[in-house]
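Visitor:
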Amino acid sequence: MIRRLNINFLKRNELDSIQLNLRHIFTSIQVFCDSKKKNDSPLKKLLDDSSTFQDVSKEYKQQWATLPYPQGTKIRKQGEFYKKEKKDPRDASIIIFPGQGAQFVGMTKGLMKFPMAKDLFELANYILGYDLLKLCLEGPKSKLDQTKYCQPAVMVASLAAIEQLKEERPNAVANCMATAGFSLGEITALVFAGALGFERALQLVKIRGEAMQLAGEAYKGGMATVIYGPDSKLNQACLKAKQWAVDKGDPLPECTIANYLFPHCKVIAGSESALEFLEKNLNEFKLRKVKRLPVSGAFHSALMAPAVDTFRAALKKSEVTDPVIKVYSCVDGKAYKDAAHIKHQLPKQIVKSVKWEQLLHTVYERDPGEYFPRTFEVGPGTSLKTILKQVNAKAWDNCYNVSA
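Taking the numbering used here, the leading residue of the sequence shown gets 1, the next gets one more, and so forth.
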C-alpha cells in the first residue's frame, strides 16, 4: 500500500501570498516560431553502452525552444514544442542538475541574498512539513544525508540556485536549449523545463526519497566506485560476484552497473556479499580500484524494486505536461518525447542504471569545427563538471558551476 503524505498546506490566502512572491521565480515563456522551415540534420550513432557499444539510438530531429519558466508556481501547460531557427551555439546554454550525494551542511547560505530563493524554501517548508532551509544550513549531517531528506534538499537547493544564475547571467536561462539531471536531478530538470509543477514535484521527490530509504532498510545493499583499464573484465567480475552471493545463500543476490560516469569509471550496486567479493578479487579481474560509497542502499539496481510501484502510482496521479525544452533521460540518454513518455519512463530510473556517460555523448554530439554551447551545473557540488571533463574536454571548456 502506498503511504499517504501528511502534508499541511497553508491557508488559501497565505499560500496565494507566497505564490505571488514566487511569481518572479518562474518568468514568462515567449516562444518565437520561424516561418522558414529548415531540416535539422539527424544525430549520429550514439554510444549506448560504454563497454560493449552494442545498441544504437533512433534518429530524431533537434527541437529548439526558449525560456522554460512560465508565470506562477503552477507550471502552465505547454501543448507542443515550437521550432525556431537554430542560433549560434555560443549564444545557447545547457543546464544540468546534480543528484543525491551532492548535499553538504551549509549549502544555500550564499543564496539567501536572493529574495525569491528564500520564498522558494518557505513554500517548500510548508509542503514538506519541516524546516528544510534550517536542515540545509545547520544540519546535522547525519540527518541531511538520509535519503528521505537529502533528495528534497538537493532539488530545492538546485532550483534556488537558478536565482543566482538569473542574476549573474540572465541569458543563460533565457537561451537554455536543453536540460538534464543526474538521477534525482532529472526531476529538478523536469520542473525547470515546465513538465512538472514545483509543488507536485516536491511531493513526488518526498515520496521517492522515503520509498528508496525504506527499500534500502529492508535489504542492506551498497555501492562502490570502480576504476578499471581497457584490459579489465568488469562485466565478468559482476557476474562472478553475483554468483558468489548466490552460493553464499544471499536471498537477494545482486551486482550490477548502477552509474556510467566516464570511460573506465563506473559505480556498482549490489548486495553486501557481492561487493565484498569485488573488493577481495579486484586483481583477478584487473580492476584498478574498488571504493565503497557512503550510501544507505543499492540504488539503481533490482534491490530498489519495492520503491518503484509507490513512485509510479504517485506520478500517475500527477499532472505532467510536455517540456518546453529538451529534457534528457538518465535511463537511456535520450530526450523525452512528451508527457506520456515521462510518466512511462521516470519510475524505471529507480532500478535502472544511470547512463550519464551516454547522455553526455548525446547532448554534446557536434560536427567537426562546430562550437559548443555554454554548460551550467546548477546546484550543490561540482561533480558533474568534473565528469564532463573526462567525457568531452571541449564541452568542459565552456562549463561553469553555479553552486547552491
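We treat Cβ as the ideally placed atom computed from N, Cα and C, and that holds for glycine.
(1) Report the rounded CA-to-CA distance for glycine 379 versus tryptophan 244, giving the unit in angstroms.
(2) Taking proline 323 and alanine 117 to be in contact with their CB atoms under 8 Å, please state how far apart those CB atoms are, rounded to whole angstroms.
(3) Go ahead and pull the three-state DSSP assignment for isoleucine 325.
(4) Could you tell me which of Phe262, Phe299 and Leu287 sits nearest to glycine 270, measuring between CA atoms?
(5) With 16 as the cutoff for other CB atoms within 10 Å, does serine 93 come out buried or exposed?
(6) Output yes or no for whether 8 Å exceeds the beta carbon distance between alanine 178 and isoleucine 325.
(7) Quick one: give me the first and last residue of the alpha helix (DSSP H) that tyrosine 260 is part of.
(8) Per the contact definition of three or more C-beta pairs closer than 8 Å, is the region 201-211 in contact with the region 224-242?
(9) What did DSSP end up calling cysteine 238 once you bin it into helix, strand or coil?
(10) Less than 8 Å between the CB atoms is what I'm expecting for glycine 331 and lysine 348, so what's the real figure, rounded?
(11) Taking one C-beta from the region 387-399 and one from the region 101-110 each time, how about it: are there three or more such pairs within less than 8 Å?
(12) From isoleucine 227 to glycine 333, what distance separates their C-alpha atoms?
(13) Does the separation of the CB atoms of methionine 223 and valine 191 fall below 8 Å?
(14) Report the partner residues of arginine 374 according to the DSSP bridge assignment.
(15) Mind checking who alanine 269 pairs with in its DSSP beta bridge?
(16) Assuming leucine 135 and alanine 160 form a contact by the criterion Cβ under 8 Å, report the distance between their Cβ atoms to the nearest whole angstrom.
(17) Measuring alpha carbon to alpha carbon, tell me which of Ile387, Phe372, Ser383 and Ser403 ends up nearest alanine 395.
(18) Please identify the residue among Leu165, Glu163 and Leu128 whose C-alpha is closest to the C-alpha of tyrosine 149.
(19) What does the Cβ neighbour count give for lysine 45, buried or exposed, with the cut at 16 atoms within 10 Å?
(20) Could you work out which residue in Ala313, Leu261 and Pro89 is closest to leucine 405 when comparing CA atoms only?
(21) Check each candidate in Leu360, Glu365, Leu252 and Phe277 and name the one with the smallest Cα separation from leucine 234.
(22) Measuring only the C-alpha atoms, how far is glutamine 100 from serine 329?
(23) With a cut-off of 8 Å on the beta carbons, I'd call valine 308 and alanine 339 a contact; round off their distance for me.
(24) For glycine 297, does the count of other Cβ atoms within 10 angstroms reach 16, so buried, or fall short, so exposed?
(25) Express the C-alpha separation of arginine 200 and threonine 188 in angstroms, rounding to a whole number.
(26) Taking the alpha carbon of phenylalanine 285 as the point to measure from, which residue in Phe311, Val105, Ser232 and Leu132 has its own alpha carbon closest?
(27) Going by alpha carbons, who is nearest to glycine 249 out of Asn283, Ala274, Pro89 and Cys238?
(28) With a threshold of 7 Å on Cβ separation, who are the neighbours of alanine 404 within its own chain once the five nearest residues in sequence on each side are excluded?
(29) Would you report the Cα separation of glutamate 138 and aspartate 145, rounded to the nearest angstrom?
(30) Comparing alpha-carbon positions, which option in Leu123, Leu133 and Phe121 lies nearest phenylalanine 104?
(31) Specify the secondary structure class of valine 290 as computed by DSSP and reduced to three states.
Guide: Considering the structure as presented:
(1) Locating residue 379 in the sequence shown gives position 379, where the first residue counts as 1. Locating residue 244 in the sequence shown gives position 244, where the first residue counts as 1. Their Cα atoms are separated by approximately 39 Å.
(2) Position 323 of the sequence shown, counted from the start, is the residue given in the question as residue 323. Position 117 of the sequence shown, counted from the start, is the residue given in the question as residue 117. At roughly 23 Å, the Cβ-Cβ gap does not stay under 8 Å, so proline 323 and alanine 117 are not in contact.
(3) In the sequence shown, counting from the first residue as 1, residue 325 sits at position 325. In this structure, isoleucine 325 counts as coil in the three-state DSSP scheme.
(4) Residue mapping note: residue 270 aligns to position 270 of the sequence shown, counting from 1. If we check each option's Cα against that of glycine 270, Phe299 comes out closest.
(5) Along the sequence shown, read from residue 1 onward, the residue named residue 93 stands at position 93. It counts as buried.
(6) As a working mapping, residue 178 is identified with position 178 in the sequence shown. As a working mapping, residue 325 is identified with position 325 in the sequence shown. Taking 8 Å as the Cβ cut-off, alanine 178 and isoleucine 325 qualify as a contacting pair.
(7) Locating residue 260 in the sequence shown gives position 260, counting from the first residue. No alpha helix (DSSP H) holds tyrosine 260; the beta strand (DSSP E) holding it covers 255-262.
(8) no
(9) Looking up residue 238 in the sequence shown gives position 238. Shown here, cysteine 238 sits in a helix according to DSSP, grouped into three states.
(10) If you number the sequence shown from 1, residue 331 lands on position 331. If you number the sequence shown from 1, residue 348 lands on position 348. Checking the displayed sequence, the identity of residue 331 turns out to be valine instead of glycine. Yes, valine 331 and lysine 348 are in contact; Cβ-Cβ is about 5 Å, under 8 Å.
(11) Cβ pair count under 8 Å is below three, so no.
(12) For the purposes of this step, residue 227 is taken as residue 227 along the sequence shown, with counting starting at 1. For the purposes of this step, residue 333 is taken as residue 333 along the sequence shown, with counting starting at 1. Near 22 Å, if we compare the C-alpha coordinates of glycine 333 and isoleucine 227.
(13) Mapped onto the sequence shown, residue 223 falls at position 223. Mapped onto the sequence shown, residue 191 falls at position 191. No. Outside cutoff.
(14) Your numbering for residue 374 matches position 374 in the sequence shown. BP columns for arginine 374 point to Ser93.
(15) Here residue 269 refers to the residue found at position 269 when the sequence shown is read from its first residue. Answer is Met223 and Thr256, bridged to alanine 269.
(16) As a position in the sequence shown, residue 135 is number 135, starting the count at 1. As a position in the sequence shown, residue 160 is number 160, starting the count at 1. With a Cβ gap of about 14 Å, leucine 135 and alanine 160 do not count as contacting.
(17) For the purposes of this step, residue 395 is taken as the residue at position 395 of the sequence shown. Of Ile387, Phe372, Ser383 and Ser403, the residue nearest in Cα terms is Phe372.
(18) As a first step, residue 149 must be located in the sequence shown, where it is residue number 149. That would be Leu128, whose Cα lies nearest to the Cα of tyrosine 149.
(19) Residue mapping note: residue 45 aligns to position 45 of the sequence shown, counting from 1. Any reading at lysine 45 must be qualified, since the residue scores a pLDDT of 38, below 50, and its modelled position is unreliable; the value itself is stated next. Burial call: exposed.
(20) The first residue shown for the chain is 1 and the last is 404, placing residue 405 beyond what the model contains.
(21) Working through the sequence shown from its first residue, we reach residue 234 at position 234. Comparing Cα-Cα distances from leucine 234 to each of Leu360, Glu365, Leu252 and Phe277, the minimum goes to Phe277.
(22) In the sequence shown, counting from the first residue as 1, residue 100 sits at position 100. In the sequence shown, counting from the first residue as 1, residue 329 sits at position 329. Roughly 16 Å between the two C-alpha positions.
(23) Counting from one through the sequence shown, the residue named residue 308 turns up at place 308. Counting from one through the sequence shown, the residue named residue 339 turns up at place 339. Rounded, the Cβ-Cβ distance is 19 Å, inconsistent with contact.
(24) The residue you call residue 297 lines up with position 297 of the sequence shown. Answer is buried; the Cβ neighbour count reaches 16.
(25) Counting from 1 along the sequence shown, the entry for residue 188 is found at position 188. Counting from 1 along the sequence shown, the entry for residue 200 is found at position 200. Taking the straight line from one Cα to the other gives about 12 Å.
(26) Along the sequence shown, read from residue 1 onward, the residue named residue 285 stands at position 285. It is Ser232 whose Cα lies nearest to the Cα of phenylalanine 285.
(27) Working through the sequence shown from its first residue, we reach residue 249 at position 249. For the residues Asn283, Ala274, Pro89 and Cys238, the minimum Cα distance to glycine 249 belongs to Ala274.
(28) As a working mapping, residue 404 is identified with position 404 in the sequence shown. For alanine 404, same chain residues with a beta-carbon under 7 Å away, outside a window of 5 residues either side, are Met107, Thr108, Leu111, Ala157, Ser158, Ala160, Ala161, Gly379 and Pro380 in chain order.
(29) Start at 1 with the first residue of the sequence shown, and residue 138 comes out as number 138. Start at 1 with the first residue of the sequence shown, and residue 145 comes out as number 145. Taking the straight line from one Cα to the other gives about 13 Å.
(30) Position 104 of the sequence shown, counting from 1, holds the residue named residue 104. Of the listed residues, the one whose Cα sits closest to phenylalanine 104 is Leu133.
(31) As a working note, residue 290 is residue 290 in the sequence shown. In the structure shown, valine 290 sits in a strand (DSSP, three-state: E or B).
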